[in-house]
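Trainee:
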Amino acid sequence: MIAPHLPALIVVVPLVAGLVALFLGRGHLPWLLTLLVTWAVFALSATLLGRVLVAGAPPVEYAMGSWPAPWGIVYRVDAVNAFVLTIVSGIAAVCAVFARLSVAAEIPAERWRFFYSAWLLCLTGLLGITITGDAFNLYVLLEIASLSTYTLVALGVQKDRRALTAAFRYLILGTVGATFLLLGIGHLYMKTGTLNMVDLADRLAGLQSDRVVLTAFALIVTGLGLKVALFPLHMWLPNAYTYAPSVVTAFLAATATKVGAYMTFRFLFTVFGLRVTFDFLSADVFLIGFSCLAILVASVLAIRQNNIKRLLAYSSVAQIGYIMLGLGLHNHASVTGAVVHVFNHAVMKGGLFLALGAVVYRLGGATIGELRGLGRRMPLTAAAIVVGGMGLVGVPATAGFISKWYLVAGCLHGDAWPLAVVILVGSILALLYVWRVVEALYFAVPENPSLPVREAPLALLVPTWVLIGASLYFGLHATFTVATAKAAAVALGVGE
Amino acid sequence: MGITIYVLTFALLLIGIYAVVAKKNVVKIIVGVLVIDYAVNLFLVLVGYRTGGGAPILAEGQPVTEFARTAVDPLPQAMVLTSIVIGLGITALMVAMAIRLWENYRTFDMNEIRRLRG
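For the protein sequence lines, the chains are B and A, in the order given. Under the working numbering, think of the first position of the first sequence as 4, with each following residue one higher. Under the working numbering, think of the first position of the second sequence as 488, with each following residue one higher.
#1: Out of curiosity, what's the CA-to-CA distance linking MET502 (chain B) and ILE326 (chain B)?
#2: For ASN512 (chain A), write down the residues that DSSP places opposite it in a beta bridge.
#3: So GLU373 (chain B) is in the alpha helix (DSSP H); what residue range does that whole segment cover?
#4: Could you pull the DSSP bridge partners for GLY541 (chain A) from this structure?
#5: Counting only Cβ-Cβ distances shorter than 7 Å, please list the residues of the stretch 537-558 of chain A near chain B, keeping chain order.
#6: Could you tell me the distance, in whole angstroms, from the CA atom of GLU608 (chain A) to the CA atom of GLY353 (chain B)?
#7: When DSSP builds the beta bridges, which residues end up paired with ALA66 (chain B)?
#8: In chain B, which residues lie with their C-beta within 8 Å of the C-beta of THR569 (chain A)?
#9: Taking only beta-carbon atoms, is ASN591 (chain A) less than 8 Å away from chain B?
#10: Out of A:LEU562, A:ARG587, A:ALA542, A:PRO563, point me to the one whose CA is closest to PHE554 (chain A)'s CA.
#11: Measuring alpha carbon to alpha carbon, tell me which of B:ILE298, B:LEU315, B:ALA305 ends up nearest GLY329 (chain B).
#12: DSSP on ASP213 (chain B), reduced to helix/strand/coil?
#13: Quick one: does ALA325 (chain B) have its CB under 8 Å from some CB of chain A?
#14: Can you look up THR500 (chain B) in the DSSP assignment and give me helix, strand or coil?
#15: Excluding sequence positions up to five away, which residues of its chain have a Cβ less than 6 Å from the Cβ of GLY128 (chain B)?
#16: By how many angstroms is the C-alpha of ALA253 (chain B) removed from the C-alpha of ASN84 (chain B)?
#17: Starting from HIS335 (chain B), follow the alpha helix (DSSP H) in both directions and report where the run begins and ends.
#18: Counting only Cβ-Cβ distances shorter than 7 Å, please list the residues of the stretch 69-90 of chain B near chain A, keeping chain order.
#19: So who's on the other strand from ASN199 (chain B), going by DSSP bridges?
#20: Can you tell me where the alpha helix (DSSP H) holding THR401 (chain B) begins and where it ends?
#21: Below 8 Å, how does it come out for the stretch 434-453 of chain B and the stretch 378-393 of chain B: are there three or more Cβ pairs, yes or no?
#22: Of the residues that make up the stretch 171-198 of chain B, which ones have a beta carbon closer than 9 Å to any beta carbon in chain E?
#23: Under 7 Å Cβ-Cβ, which residues of chain B neighbour ARG602 (chain A)?
#24: Determine the chain A residues that contact ALA157 (chain B) at a beta-carbon separation under 7 Å, and present them in chain order.
#25: So what does ASN310 (chain B) bridge to, in DSSP terms?
#26: At least one CB of chain A closer than 8 Å to the CB of ARG114 (chain B): is that the case?
#27: Going by DSSP in three states, ASP163 (chain B) sits in which element: helix, strand or coil?
#28: MET238 (chain B) by DSSP, collapsed to three states: which one?
#29: Could you check whether the Cβ of PRO561 (chain A) sits closer than 8 Å to any Cβ belonging to chain B?
#30: Taking the beta carbon of GLY498 (chain B) as the centre, do at least 16 other beta carbons fall within 10 Å, making it buried, or is it exposed?
#31: Tell me, please, whether the stretch 85-95 of chain B touches the stretch 257-272 of chain B by the rule of three or more beta-carbon pairs shorter than 8 Å.
#32: Contact check, VAL288 (chain B) vs LEU130 (chain B) under 8 Å by CB: the rounded distance?
#33: Determine the DSSP secondary structure at PRO111 (chain B), reduced to helix, strand or coil.
#34: Step through the CB atoms of chain B and report whether any lies within less than 8 Å of the CB of LEU529 (chain A).
#35: Which of the three DSSP states is assigned to ASN84 (chain B) in this structure?
#36: Starting from TYR244 (chain B), find everything on chain A with Cβ-Cβ shorter than 7 Å and list it in chain order.
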């Protein structure tokens with residue numbers, strides 16, 4: 004009975020749970036519900052991924068309320084979004100384990116249920132964006148995800164009131180971005196008279212260069228750029244990540260920008276199609292240009308940060324640059340690299356931010372001063388930070404290496420060796436900012452050695468090491484992730 | 488009606504963006520976002536509008552081809568309704584945050600808030 008409704012359940016279950024969480028009182032019950040729901044959704048997404056990855060299987064389609072495709076809203080799942088769904092729900096499930104202690108330390112008890120409710124709604128939105136095959140439905144779910152994200156960031160106010168300003172700026176920029184996207188979708192509807200993505204793609208494919216389509220493209224790319232935090236539209240990201248509660252930062256860094264990247268893939272490759280995007284509108288020129296700037300400028304900015312959360316936030320802007328670079332090059336190897344980096348960066352950054360959450364849990368902050376000498380006092384947490392950092396640099400045997408390998412291959416395949424140099428320079432810059440952290444952890448004297456600091460509790464260590472361990476595992480056994488990413492690249496229309 | 492109304496909608500959008508980008512007062516920024524929101528809603532309604540068009544209800548005995556030629560497009564209206572509701576949610580959240588900003592900083596001036604920091 005459940006099997007045919009699998010795609011709908013992925014969105015409906017967290018949506019309903021988000022409302023139920025409000026009525027579960029002030030104890031740990033809302034957390035327990037979140038834990039159960041995230042793991043259930045993870046199981047559903049993984050099943051769906053398994054179903055889509057069967058060789059030659061058509062995309063799974065689900066018509067909401069049985070209204071057929073161009074008229075009703077359909078969910079359409081191919082290798083790309085099944086993969087992103089699994090990443091988002093998997094990260095959410097791991098973060099949910101971490102959340103109980105971390106949230107208890109950072110947010111007052113009477114707000115727990117609001118926190119978990121907002122989190123579940125955010126998850127609903129992110130999963131909905133990923134699964135839907137309807138452009139306007141995507142906008143609605145984007146707003147569900149965004150509004151709950153602003154709330155989650157603002158909940159950091161208890162620790163630092165700057166969280167409010169960060170959330171407010173994010174709210175303003177995010178809303179303007181989403182409005183641009185809506186305006187762009189309006190232009191597309193004006194031209195084609197449809198909102199269904201497949202239908203849109205069909206009708207746009209026959210078009211020659213057209214001013215309305217050009218306007219729609221510009222509006223949509225600008226709106227998406229704000230959502231993914233593509234340089235130079237990243238201004239909201241460092242503050243939002245720095246002042247949000249630890250577990251929220253980990254969740255957002257690993258999922259929200261990834262879903263933004265997915266939207267960019269979907270609109271540029273599926274809706275507008277390769278021909279319109281790259282042949283008529285030459286989107287690759289500015290995509291590659293801004294990606295290179297993101298990689299170089301954001302990495303340099305990251306080196307100068309003293310707050311490690313902010314350092315990693317700038318590093319995220321740079322890593323998004325890698326994903327967008329792979330997208331801009333639009334050949335099979337580069338798109339495979341970009342999709343696999345969506346996964347690899349999610350596990351690495353998620354793991355790193357969870358490790359920082361454990362540091363914040365013990366020390367109350369995560370500046371370079373607080374990290375001094377932590378290698379002796381919290382050995383497992385410190386080791387997690389080092390391994391995650393090595394992944395960001397792209398050391399062989401970590402997941403980061405796999406993505407960079409395919410991205411460099413994509414550069415060389417596209418006869419764009421200067422871009423391969425940019426990737427290498429980016430890795431060296433990453434080495435510099437990671438080294439600053441490692442130096443503080445292992446080669447510096449603690450600020451106040453008398454302060455008793457113990458290793459983080461298991462409930463925080465296990466989720467952290469699950470993600471960090473995954474980044475190692477998928478660095479050594481990349482067959483599954485790379486095969487899925489290749490299937491995704493083919494589904495996006497970039498065959499070998 | 489022609490192109491004039493589209494130009495005016497675009498002007499409204501620009502006014503909103505100007506307020507968001509240039510103004511430093513939290514309340515004025517919120518008003519700017521609302522103006523952008525109205526401009527987009529107006530644009531979407533215009534997409535479906537047809538001069539002299541009728542309500543999109545199929546009358547008895549009316550041929551479908553004639554209906555398709557004369558009725559306004561109802562889909563953008565449905566989109567605008569959804570968008571208005573989302574706009575309400577955004578407005579509520581923006582105003583709630585403005586109140587919390589006032590409680591914490593006793594000012595609506597973004598420059599002042601930045602200066603007070605911590």
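Cβ coordinates follow ideal geometry from the N, Cα and C atoms, glycine included. Just so you know, these numbers come straight off a predicted model, no measurement behind them.
Mentor: Based on what the coordinates show:
#1: Examination of residue 502 (chain B) is not possible in this model, given that chain B is present from 4 through 499 alone.
#2: To locate residue 512 (chain A), count along the second sequence from 1; it is residue 25. ASN512 (chain A) is bridged by DSSP to A:ASP596.
#3: For the purposes of this step, residue 373 (chain B) is taken as the residue at position 370 of the first sequence. First-last of the alpha helix (DSSP H) with GLU373 (chain B): 371-374.
#4: Sequence index remark: in the second sequence, residue 541 (chain A) carries index 54 (1-based). Partner(s): A:ALA558.
#5: Correct list: empty, as no residue qualifies.
#6: Absent from the structure is residue 608 (chain A), since the part of chain A shown begins at 488 and ends at 605.
#7: The sequence position of residue 66 (chain B) within the first sequence is 63, counting from 1. By DSSP's assignment, ALA66 (chain B) forms a beta bridge with B:VAL77.
#8: Sequence index remark: in the second sequence, residue 569 (chain A) carries index 82 (1-based). Proximity of chain B to THR569 (chain A) at the Cβ level (cut-off 8 Å) is accounted for by PHE139, VAL143, in chain order.
#9: One-based indexing of the second sequence puts residue 591 (chain A) at position 104. Interface flag for ASN591 (chain A) against chain B is set, since a Cβ pair is found closer than 8 Å.
#10: Here residue 554 (chain A) refers to the residue found at position 67 when the second sequence is read from its first residue. Comparing Cα-Cα distances from PHE554 (chain A) to each of A:LEU562, A:ARG587, A:ALA542, A:PRO563, the minimum goes to A:ALA542.
#11: Within the first sequence, residue 329 (chain B) is the residue found at index 326, counting from 1. Scanning B:ILE298, B:LEU315, B:ALA305 for the CA closest to the CA of GLY329 (chain B) turns up B:ILE298.
#12: As a first step, residue 213 (chain B) is located in the first sequence; it is residue number 210 there, counting from the start. In this structure, ASP213 (chain B) counts as coil in the three-state DSSP scheme.
#13: As a working note, residue 325 (chain B) is residue 322 in the first sequence. According to the sequence shown, residue 325 (chain B) is Tyr rather than Ala. Under the Cβ criterion of 8 Å, TYR325 (chain B) is not counted among the residues facing chain A.
#14: Residue 500 (chain B) lies beyond the residue range present for chain B, which begins at 4 and ends at 499; the question has no answer from this structure.
#15: The count along the first sequence starts at 1 and reaches residue 128 (chain B) at position 125. The beta carbon of GLY128 (chain B) sits closer than 6 Å to those of LEU144, ILE147, ALA148, all from its chain and outside the five residues before and after it, given in chain order.
#16: The count along the first sequence starts at 1 and reaches residue 84 (chain B) at position 81. The count along the first sequence starts at 1 and reaches residue 253 (chain B) at position 250. Distance between the alpha carbons of ASN84 (chain B) and ALA253 (chain B) is about 21 Å.
#17: Along the first sequence, one-based indexing puts residue 335 (chain B) at 332. 335-366 is the span of the alpha helix (DSSP H), which, as asked, contains HIS335 (chain B).
#18: Near chain A, meaning a CB-to-CB distance below 7 Å, no residue of the stretch 69-90 of chain B qualifies.
#19: On the first sequence, residue 199 (chain B) is found 196 positions in, with the first residue counted as 1. Answer is B:ASP137.
#20: Position 398 of the first sequence holds residue 401 (chain B). Neither: THR401 (chain B) is in no alpha helix (DSSP H) and is coded neither H nor E.
#21: These segments touch.
#22: Note that chain E does not occur in the displayed structure, where the protein chains are B and A.
#23: Residue mapping note: residue 602 (chain A) aligns to position 115 of the second sequence, counting from 1. Ordered by position in chain B, no residue passes the 7 Å Cβ test against ARG602 (chain A), which lies about 11 Å from the chain.
#24: Numbered from 1 along the first sequence, position 154 holds the residue referred to as residue 157 (chain B). Under the 7 Å cutoff, chain A gives MET584.
#25: For the purposes of this step, residue 310 (chain B) is taken as residue 307 along the first sequence, with counting starting at 1. Residue pairing by DSSP puts ASN310 (chain B) in a beta bridge opposite B:THR370.
#26: Position 111 of the first sequence, counted from the first residue, corresponds to residue 114 (chain B). No, because no Cβ of chain A sits closer than 8 Å to the Cβ of ARG114 (chain B).
#27: Sequence index remark: in the first sequence, residue 163 (chain B) carries index 160 (1-based). In this structure, ASP163 (chain B) counts as coil in the three-state DSSP scheme.
#28: For the purposes of this step, residue 238 (chain B) is taken as residue 235 along the first sequence, with counting starting at 1. The answer is coil: DSSP assigns MET238 (chain B) none of H, G, I, E or B.
#29: Stepping through the second sequence from its first residue, residue 561 (chain A) is reached at position 74. With 8 Å as the cut-off, PRO561 (chain A) does not count as an interface residue toward chain B.
#30: For the purposes of this step, residue 498 (chain B) is identified with residue 495 of the first sequence, where counting begins at 1. With fewer than 16 Cβ atoms within 10 Å of its Cβ, GLY498 (chain B) is classed as exposed.
#31: Touching, yes, given that three or more Cβ pairs across the two stretches are closer than 8 Å.
#32: Here residue 288 (chain B) refers to the residue found at position 285 when the first sequence is read from its first residue. Here residue 130 (chain B) refers to the residue found at position 127 when the first sequence is read from its first residue. Contact between VAL288 (chain B) and LEU130 (chain B) is absent: CB atoms are separated by about 33 Å, not below the 8 Å threshold.
#33: Here residue 111 (chain B) corresponds to residue number 108 of the first sequence, with the count starting at 1. Note: PRO111 (chain B) maps to coil in three-state DSSP.
#34: Taking the second sequence and counting its residues from 1, one reaches residue 529 (chain A) at position 42. For LEU529 (chain A), the answer is no, since every Cβ of chain B falls outside 8 Å of its Cβ.
#35: Position 81 of the first sequence, counted from the first residue, corresponds to residue 84 (chain B). The three-state secondary structure of ASN84 (chain B), taken from DSSP, is helix.
#36: Taking the first sequence and counting its residues from 1, one reaches residue 244 (chain B) at position 241. For TYR244 (chain B), none of the residues of chain A pass the 7 Å Cβ criterion, the least Cβ distance being about 18 Å.
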